[in-house]
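This report concerns only the one structure given below.
Numbering (UniProt numbering), first residue to last: 1 to 110.
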């Protein structure tokens, strides 16, 4: 981010002041992303993703098709109530943990 700001400043035909530059930042989005990543880190530290992964692994064992449909339905229903970026940020670590426990490639589901 700092590199992008520096490059913008250096290659801009008009050099905006730092106040103009900061006033253009969309702060609610920045704070939303910071809070979202904080929630994900807390969930990871509390081993919530591992617990969910363990339960999903027990339920679907090695049936990857049912696992795929469960992830699709759950994430779609969650996105109906929660903002879609939030769902993606929360589901990706859970999918990776579950895929590792099921010994399948997580890139197919992320």
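By construction, the Cβ of each residue, glycine as well, lies at the ideal position given by its N, Cα and C atoms. Computed from a predicted structure; not experimentally measured.
Pair within 8 Å by beta-carbon distance, residue i and residue j
i	j	result
residue 98	residue 62	no
residue 86	residue 36	yes
residue 114	residue 101	Absent from the model: residue 114. The displayed extent of the chain is 1 to 110, so no value can be given.
residue 52	residue 90	no
residue 60	residue 70	yes
Three-way DSSP call (helix, strand, coil) for residue i in this model
i	result
residue 14	coil
residue 26	coil
residue 62	coil
For residue i, the nearest candidate out of the options (CA to CA)
i	options	result
residue 96	68, 80, 77	68
residue 65	79, 77, 104	104
Exposed unless 16 or more other CB atoms sit within 10 angstroms - verdict on residue i
i	result
residue 49	buried
residue 1	exposed
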